[in-house]
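Structure, as structure tokens:
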Amino acid sequence: MARKPGGVGEALVALLAASILALLKRVPLSLARPLGRLIGAVSFRFFHDERQRAIENLARIGGGSLRLDTRRHLARRVFQNLGQSFVDTLITSRLGTERAISSLGVEGAADLRERFEELSDEGRGVIVVSAHLGNWELEGGLLDHCYPRQVICIARRYERPYQQRLLERLRAGIGTPLRYQDESVRELLRLLKGGGLVGLLPDIDIRRVQGIHIPFLGSPAHTTTAPAQLAISTGAAIQTVFVIRTPRGYSVEIGAVIDPADHLEGRDPVLSVTRAWTLEVERAIRTHPEQWVWMHDRWRSTPEVVERRNRRRASRDEQSRRLSRSGSGA
Numbered sequence: 246m247a248r249k250p251g252g253v254g255e256a257l258v259a260l261l262a263a264s265i266l267a268l269l270k271r272v273p274l275s276l277a278r279p280l281g282r283l284i285g286a287v288s289f290r291f292f293h294d295e296r297q298r299a300i301e302n303l304a305r306i307g308g309g310s311l312r313l314d315t316r317r318h319l320a321r322r323v324f325q326n327l328g329q330s331f332v333d334t335l336i337t338s339r340l341g342t343e344r345a346i347s348s349l350g351v352e353g354a355a356d357l358r359e360r361f362e363e364l365s366d367e368g369r370g371v372i373v374v375s376a377h378l379g380n381w382e383l384e385g386g387l388l389d390h391c392y393p394r395q396v397i398c399i400a401r402r403y404e405r406p407y408q409q410r411l412l413e414r415l416r417a418g419i420g421t422p423l424r425y426q427d428e429s430v431r432e433l434l435r436l437l438k439g440g441g442l443v444g445l446l447p448d449i450d451i452r453r454v455q456g457i458h459i460p461f462l463g464s465p466a467h468t469t470t471a472p473a474q475l476a477i478s479t480g481a482a483i484q485t486v487f488v489i490r491t492p493r494g495y496s497v498e499i500g501a502v503i504d505p506a507d508h509l510e511g512r513d514p515v516l517s518v519t520r521a522w523t524l525e526v527e528r529a530i531r532t533h534p535e536q537w538v539w540m541h542d543r544w545r546s547t548p549e550v551v552e553r554r555n556r557r558r559a560s561r562d563e564q565s566r567r568l569s570r571s572g573s574g575a
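Taken in order, the sequence shown gives residues 246 to 575; the numbers are from this note's numbering.
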């Protein structure tokens, strides 16, 4: 049975989390990154299941040839990067994106603005495909800062209300314009047709949206078709963007533009476009393996798991229809 959020314990956790965040947001920049690395190192030590999954999943980038000690070292760096990104996100929320670009040493924002202006001048929308790589929360504010027209970034809702509230507060400080996966797609279609930008993070396992199984880092992974469907429906260009940590701060990496028109002649345009952006995401992850979320169970939704999930969903829908007919006296 799913655990229902709420209760005294949940309220105490929410209060503690809010208090910790309030303290961390006031950390001087000189201490922020060492503190972030410390948070990551402590998390690596105590989050056993996530640590083991990261170490196991990292075998995928070396064709099985990476030694255990190498994978363990990379996994520790993954946790440290997440800790640093967490603290930098708090700082960005405090300063706002424009000041954070300078304070955190973000290089490449001007190049991103120039690329966006070129795409916007073509008179069509832009779909930015990124990943849980580097600092994706900072990227949300950066998109709105650099794009000349309206921007919407898509996020998922968290089951626990305190998590949802804290993230909404942080993202509001960063300036990330949000919509959620369970909201109507019509607004996105209108925005893209009007030359706006939609930001997506489609690199993780999906459970509630439509997808297909394609190779991802060497193994079949259930992958959303939303970027491809939006691009084909509206003619929007797909642009991959990643905000990558560097020794001096961050670097904005801008990938190739994927034009859906180049994929319409094939047997399955949706599959072709999905493979194209997936290859761009793979390239970025292989280049910066220490900055991706390897503790995520990306390959959980096998074809068999998806089939069982769909059967359960169909059964629930049928029961709902029967109850509805019974209640209406039909």
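For glycine and all other residues, C-beta sits at the position ideal for the given N, C-alpha and C.
Keep in mind it's a predicted model, so treat the numbers as computed, not measured.
Closest residue to residue i among the options (Cα-Cα distance)
i, options, result
"I499", "H467, D356 and A471", "D356"
"T479", "G385, E432, M540 and S330", "E432"
"F331", "N380, M540 and S429", "N380"
"R401", "Y392, I449 and E363", "I449"
"V515", "V396, R317, T468 and S546", "T468"
"H541", "L434, I451 and V518", "I451"
"K488", "L378, D314 and A521", "Correcting the residue identity first, residue 488 is Val in this sequence and not Lys. The residue with the shortest Cα to Cα distance from V488 is L378."
"S347", "L434, G370, S496 and R557", "S496"
Element boundaries [alpha helix (DSSP H), containing residue i]
i, result
"G328", "L313 to L340"
"R531", "P514 to T532"
Neighbour-count burial assignment, residue i, 16 or more Cβ in a 10 Å radius
i, result
"D333", "buried"
"T491", "exposed"
"N326", "buried"
"L274", "exposed"
"A345", "buried"
"N555", "exposed"
"H293", "exposed"
"R248", "Because R248 carries a pLDDT of 45, less than 50, the predicted location of this residue cannot be relied on, and the following value inherits that uncertainty. So R248 ends up on the exposed side."
"S569", "exposed"
DSSP state of residue i mapped onto helix, strand, coil
i, result
"V287", "helix"
"S348", "helix"
"G418", "helix"
"P406", "helix"
"G307", "helix"
"E367", "coil"
"A376", "coil"
"E362", "helix"
"L446", "coil"
Residues near residue i in its chain [Cβ-Cβ closer than 6 Å; skip 5 each side]
i, result
"P465", "H458"
"G420", "T342, G386 and D389"
"L335", "L269 and K270"
Start-to-end residues for the beta strand (DSSP E) that takes in residue i
i, result
"Q484", "A482 to T491"
"P465", "S464 to T469"
Sequence-distant residues of the same chain with beta carbon closer than 7 Å to residue i, five excluded per side
i, result
"S560", "none"
"P460", "none"
Residues near residue i by beta carbon distance below 8 Å, same chain, minus five either side
i, result
"E525", "V374, T485, G500, A501 and I503"
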